[in-house]
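What follows is a set of notes on a single structure, which appears directly below.
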Amino acid sequence: MARQLNLLSGQVIATPLHTEMQQSYLEYAMSVIVGRALPDVRDGLKPVHRRILYAMHELGLTPDRPYRKCARVVGDVLGKYHPHGDQSVYDALVRLVQEFSSRYPLLAGHGNFGSVDNDPPAAMRYTETRLASIGNEGLLTQVGEATVDFISNFDNSQQEPTVLPAQLPFLLLNGSSGIAVGMATNVPPHNLGEVVDGLIALIDDSDLSDERLRSIIPAPDFPTGGEIVSTDGIAEAYTHGRGSIVMRGVAKIEQVPTAQRRRTKTAIVVTELPFQVNKASWIEKTASLVNAGRLEGISDIRDESDREGIRVVIELKREASPQVVLHHLYQQTELMSKFGAIFLALVDSQPRQLTLKQILQEFLNFREQTLIRQYTHELEAAVRRGHIVEGLLNALANLDAVIEILRNAPDGGTAKISLESDLQMSEAQADAILAMPMRRLTGLERQKLQEEFSELSEQIRQLRRLLDERSELMKSLKKELRSLKRQYGDPRRTRIVVQDPEDQPAQSSSRTRSNKLKSKGSQTTAILQPVAPAEEETFLEFTHRGYVRRLSPKTGDSKSRSKNDKSEITVEDSDDFNVGRYLTKTGQNLAILTRTGKAYPLNVGDIPQTSSRSRGTPLITLLPPSVTKDPPMSLQELILAHFIVAKHSDKTDLILVTQQGKIKRLSLKELSDLTNRGITIIKLKDQDELGYVSLTRPGEQMILATSGGRVLRLPVNDEQLPPMGRTAQGSQVTRLRKQERLVSCLTVPPKSSLLLVSELGFAKRISLDRVRSTTRGAIGTQMFQFKGPKDALAGMVSVNSNQEAYLITSENRIVRFAVDEVKLQNEEATGNRLFKLNTGEKIIGVRDPLLLHHP
Numbered sequence: 051m052a053r054q055l056n057l058l059s060g061q062v063i064a065t066p067l068h069t070e071m072q073q074s075y076l077e078y079a080m081s082v083i084v085g086r087a088l089p090d091v092r093d094g095l096k097p098v099h100r101r102i103l104y105a106m107h108e109l110g111l112t113p114d115r116p117y118r119k120c121a122r123v124v125g126d127v128l129g130k131y132h133p134h135g136d137q138s139v140y141d142a143l144v145r146l147v148q149e150f151s152s153r154y155p156l157l158a159g160h161g162n163f164g165s166v167d168n169d170p171p172a173a174m175r176y177t178e179t180r181l182a183s184i185g186n187e188g189l190l191t192q193v194g195e196a197t198v199d200f201i202s203n204f205d206n207s208q209q210e211p212t213v214l215p216a217q218l219p220f221l222l223l224n225g226s227s228g229i230a231v232g233m234a235t236n237v238p239p240h241n242l243g244e245v246v247d248g249l250i251a252l253i254d255d256s257d258l259s260d261e262r263l264r265s266i267i268p269a270p271d272f273p274t275g276g277e278i279v280s281t282d283g284i285a286e287a288y289t290h291g292r293g294s295i296v297m298r299g300v301a302k303i304e305q306v307p308t309a310q311r312r313r314t315k316t317a318i319v320v321t322e323l324p325f326q327v328n329k330a331s332w333i334e335k336t337a338s339l340v341n342a343g344r345l346e347g348i349s350d351i352r353d354e355s356d357r358e359g360i361r362v363v364i365e366l367k368r369e370a371s372p373q374v375v376l377h378h379l380y381q382q383t384e385l386m387s388k389f390g391a392i393f394l395a396l397v398d399s400q401p402r403q404l405t406l407k408q409i410l411q412e413f414l415n416f417r418e419q420t421l422i423r424q425y426t427h428e429l430e431a432a433v434r435r436g437h438i439v440e441g442l443l444n445a446l447a448n449l450d451a452v453i454e455i456l457r458n459a460p461d462g463g464t465a466k467i468s469l470e471s472d473l474q475m476s477e478a479q480a481d482a483i484l485a486m487p488m489r490r491l492t493g494l495e496r497q498k499l500q501e502e503f504s505e506l507s508e509q510i511r512q513l514r515r516l517l518d519e520r521s522e523l524m525k526s527l528k529k530e531l532r533s534l535k536r537q538y539g540d541p542r543r544t545r546i547v548v549q550d551p552e553d554q555p556a557q558s559s560s561r562t563r564s565n566k567l568k569s570k571g572s573q574t575t576a577i578l579q580p581v582a583p584a585e586e587e588t589f590l591e592f593t594h595r596g597y598v599r600r601l602s603p604k605t606g607d608s609k610s611r612s613k614n615d616k617s618e619i620t621v622e623d624s625d626d627f628n629v630g631r632y633l634t635k636t637g638q639n640l641a642i643l644t645r646t647g648k649a650y651p652l653n654v655g656d657i658p659q660t661s662s663r664s665r666g667t668p669l670i671t672l673l674p675p676s677v678t679k680d681p682p683m684s685l686q687e688l689i690l691a692h693f694i695v696a697k698h699s700d701k702t703d704l705i706l707v708t709q710q711g712k713i714k715r716l717s718l719k720e721l722s723d724l725t726n727r728g729i730t731i732i733k734l735k736d737q738d739e740l741g742y743v744s745l746t747r748p749g750e751q752m753i754l755a756t757s758g759g760r761v762l763r764l765p766v767n768d769e770q771l772p773p774m775g776r777t778a779q780g781s782q783v784t785r786l787r788k789q790e791r792l793v794s795c796l797t798v799p800p801k802s803s804l805l806l807v808s809e810l811g812f813a814k815r816i817s818l819d820r821v822r823s824t825t826r827g828a829i830g831t832q833m834f835q836f837k838g839p840k841d842a843l844a845g846m847v848s849v850n851s852n853q854e855a856y857l858i859t860s861e862n863r864i865v866r867f868a869v870d871e872v873k874l875q876n877e878e879a880t881g882n883r884l885f886k887l888n889t890g891e892k893i894i895g896v897r898d899p900l901l902l903h904h905p
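Residue numbers (this note's numbering): 51 to 905.
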């Protein structure tokens, strides 16, 4: 607290409660930020990690010594430096050992320290540990009061370093993650060789550009390998301190033997996972998606991982396309995920969001100061020793005089004074001579002293040069960095493949080209540059069950010329049929509207090209994974509408109607800035969902039908349906009676006819002229008379002559019939029964399969 009470004097300080709470909370927040959650930019460590390493250094657990029980290490850390829970200390120690958590583990372990399946490590009484070579040399070989500052521990019984004299920027090498009060850090790991090259380049040119630095350190390097498929987020993170990095697992298509080993099956084999993805959870999630019908084409999933590495085999069905299934795996599972990079660290005990260049520069500043302190300490020690050796050589040169002084002196004090006065020696030199053993008088010892004095003189000269000339100090630092790179550097594990992060399957139009080869040590990586795809014509077919097919122009055109001349009513076994067809281009965008009131984009070229005999690709699987996460309804019903945005003029609007009767008119221009995150097109209340979407143009009419047989007709104009913003809820279009619901909403030209079908299979056509035009909120006109109290209107569509329609029953039967079979009738008619339903079967939907051909 800022002000303390003097209880002994009876003094009372009046303090507003909000001021005290604010000050106390800020002090608590800073304590968490500095003392627990955030790493120091200098050594890249949090306090708990720093204390573990220093305690092991004090125990002498160097790489050349035997392993020691982790319980002993944890006990020392708790008792001397870190008075918190033993499990928290052990968890931090375990992460320093795990090769899949740290790019360069600072500790070596013996025993079970967990796995990528999130298996817990064994208890600390069973596991053993010691310092790894890079942890010992890179952090602890120079530790001491000469190089870094020390402070008292929590009970003033020990001294501990405030920072370790790191020789490498471990904040970048191993990364760090932590959540403090009101802030968080998430630094990805990097490759040691690339980071050292970046440091050397920054030493040579302090004004190094961000672009040049990114060419040296192109991306993070995760311990689990994988691929990075987009550099936009990397550039953002490196230049601003925050960005999203798209990671992807490594998968290949193989032919694997079946259980009988008589033949082979096509399989997708995953050998590397994105960083921090739990393998067991990923397999479980994938299996649940397959069982729920959200991932198609997969027949079996096996985990064949062993000590040699990860191997997950995903067997495919015979008719499945491997590229399409792999695309769906990337889209719907963590096989492709994002790493939210936040370069936040402590600089002078204050949290700061840093760029990549700033992190490297802060480390170089710290390393320069550490070397200055170390070289200053070494210089002082060398000067002191040189002074002593010089006195010993002086004594040997005047040996007779020294012996005479010692022979005649009554005691040591008198001899010391005589040496200082007669031979012009300092107090330290006189003490050294008096302590010199007789063996130093031999010729061999004289030669050793002379050689030592020469070496000390050269060492002093070099140290003074390093301290006086910064260029020489920087040369020494570069030499040290290159030595560490040769000793601990290794090839990059994470490959950089620059392409569309949504990962186009093989059937999609090509989107990348190999531009150049970039060599990194022993590894050559192909750098792919995105190129604008050549637009080509294509047909899109959409089915009632939510599938989409992209056909070649030749296949689609030949299919469009085939016509079905059947006019009789037929009941088909197939549970799917076409409900829409477009002639478009691969560069166009579809707007996908969902019942949750959001719109998402989908590029036509991203839809896998298939044959006309294929069932197609589930449209829901082509959308971002966030769309299908915990939907409020079944996935088949989630997508409500889709259309090509560019096919419609600026005067086109959307009519949106919710299941609770809210209606709103939205300009199509509002969908011009669609992103993969989606945009809200209508604000929904609890328990409500978007039920109907219609495109409308000037002069059209909006027709709405209820299950009670009422039909409402409204002109589409600014008076009845004024345009609204994207987040508006809309207005109530009509009052729904008890047990009544909306069953249809259409926008039609003034001269149209409507087909109405009841749940018990009665159907009739009416002319639009028979429906009275009214206003928003009205009751509408009763346009269907039911034969029994258990019947209700199932649906309504706008139809033309020489057209077919489909009925969908509750038993998943499809009834196909010609519209001309249904006669035009007035509002008093009950309609004609189209076909006989089974007992308990009802009509649940009416679809107009008019194929829309757009030139």
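Note that CB positions come from ideal geometry on N, CA and C, so glycine has one too.
Is it the case that the region 473-482 contacts the region 400-412, given that we only count it when at least three CB pairs across the two stretches are under 8 Å?
No, they do not touch.
Let's test the definition: count the other Cβ atoms within 10 Å of the Cβ of asparagine 458 and tell me whether it reaches 16, buried, or not, exposed.
exposed
Between which two residues does the alpha helix (DSSP H) containing asparagine 458 stretch?
449-458
Which listed residue (Leu792, Leu218 and Met233) has its alpha carbon closest to that of valine 246:
Leu218
Can you tell me which of Ala251, Phe812, Lys733 and Val761 puts its alpha carbon nearest to the alpha carbon of lysine 714?
Lys733
What are the start and end residues of each continuous alpha helix (DSSP H) run of 4 or more residues lying completely inside the region 289-371, in chain order?
329-341
Residues in the same chain with beta-carbon distance under 7 Å from arginine 115, minus the five sequence neighbours each way, listed in chain order, please.
Arg180
Glutamate 495 versus leucine 446: straight-line alpha-carbon distance, rounded
Spanning the alpha carbons of glutamate 495 and leucine 446 requires a straight line of approximately 10 Å.
Given lysine 616, which residues of its chain have a CB within under 7 Å of its CB, disregarding the five upstream and five downstream residues?
Because the pLDDT of lysine 616 is 45, which lies under 50, any placement of that residue in the model is unreliable, and the number read from its coordinates should be weighed accordingly. Answer for lysine 616: no residue qualifies.
Tell me whether leucine 567 is buried or exposed, calling it buried when 16 or more other Cβ atoms sit within 10 Å of its Cβ.
Note that leucine 567 scores a pLDDT of 31, beneath 50, so its modelled location is shaky and nothing firm can be said.
7 Å Cβ shell around glycine 359 - same chain, five flanking residues per side excluded:
Thr321
Does serine 151 pass the burial test, meaning 16 or more other C-beta atoms within 10 Å, or should it be called exposed?
buried
Measuring CA to CA, which of Asp141, Ala813 and Glu586 is closest to valine 98?
Distances from the alpha-carbon of valine 98 to those of Asp141, Ala813 and Glu586 put Asp141 closest.
Lysine 466: first and last residue of the uninterrupted alpha helix (DSSP H) it sits in
Run containing lysine 466: 462-472, per the alpha helix (DSSP H) assignment.
Report all residues from its chain with a CB closer than 8 Å to the CB of proline 799; omit the five preceding and five following residues, and keep chain order.
Gly749, Glu750 and Gln751
Check aspartate 768 in the structure and name its three-state DSSP category.
coil
Using only the alpha-carbon positions, how far apart do valine 91 and alanine 172 sit?
32 Å
Taking the straight line between their C-alpha atoms, what separation do you get for valine 849 and arginine 866?
14 Å
Quick one: grab the DSSP three-state call for proline 580.
Model confidence at proline 580 stands at a pLDDT of 38, short of 50, so the residue's coordinates are unreliable; what they give is reported in the following sentence. In the structure shown, proline 580 falls within a strand segment according to DSSP collapsed to helix, strand and coil.
Per DSSP, which one or two residues make a beta bridge with tyrosine 856?
BP columns for tyrosine 856 point to Arg866 and Arg897.
Would you report the Cα separation of tyrosine 380 and arginine 352, rounded to the nearest angstrom?
18 Å
Collapsed DSSP secondary structure at aspartate 550 in the structure displayed
Interpretation of aspartate 550 is limited by its pLDDT of 43, a score under 50 that renders its predicted location unreliable; no figure is taken from the coordinates.
Which partner residues does phenylalanine 589 have in the DSSP bridge list?
Leu601 and Leu633, per the DSSP bridge assignment.
I'd like to know whether the C-beta atoms of glycine 463 and serine 507 end up nearer to each other than 8 Å.
no
Lysine 96 burial status per 10 Å Cβ neighbour count (16 or more: buried):
buried
Arginine 631: buried (16+ other C-beta within 10 angstroms of its C-beta) or exposed?
The Cβ neighbour count for arginine 631, taken over all protein chains shown within 10 Å, is at least 16; the residue is labelled buried.
CB-CB under 6 Å to serine 717, same chain, minus the five flanking residues each way: which ones, in chain order?
Asp703 and Pro773
Close Cβ partners of serine 138 (< 8 Å) along its chain, the five nearest in sequence each way excluded:
Val98
Applying the criterion that 16 or more other CB atoms from any shown protein chain within 10 Å of the CB defines a buried residue, is glutamate 430 buried or exposed?
Looking at its Cβ environment, which holds fewer than 16 other Cβ atoms inside 10 Å, glutamate 430 is exposed.
Work out the CA separation of histidine 377 and aspartate 553 for me, nearest whole Å.
Annotation note: pLDDT 40 at aspartate 553 (below 50); position unreliable, coordinate value reported separately. Roughly 6 Å separates the two Cα atoms.
Go ahead and pull the three-state DSSP assignment for asparagine 614.
Any answer about asparagine 614 is weak, because its pLDDT of 45 lies below 50 and its placement is not dependable; what the coordinates show is given next. Coil.
Cβ-based neighbour list, glycine 185, same chain, cut-off 7 Å, excluding 5 preceding and 5 following
Closer than 7 Å at the Cβ level, and outside the excluded window around glycine 185, lie Leu103, Leu156 and Leu157.
For glutamate 809, three-class secondary structure by DSSP:
coil
Contacts around tyrosine 131, its chain only, beta-carbon distance under 8 Å, and the 5 residues preceding and following it disregarded
Arg101, Tyr104, Ala105, Asn203, Phe204, Gln208 and Glu210
Sub-8 Å separation of leucine 404 and alanine 395 beta-carbons
Cβ distance < 8 Å, so leucine 404 and alanine 395 count as in contact.
Threonine 383 versus aspartate 870: straight-line alpha-carbon distance, rounded
Each residue's alpha carbon lies about 48 Å from the other.
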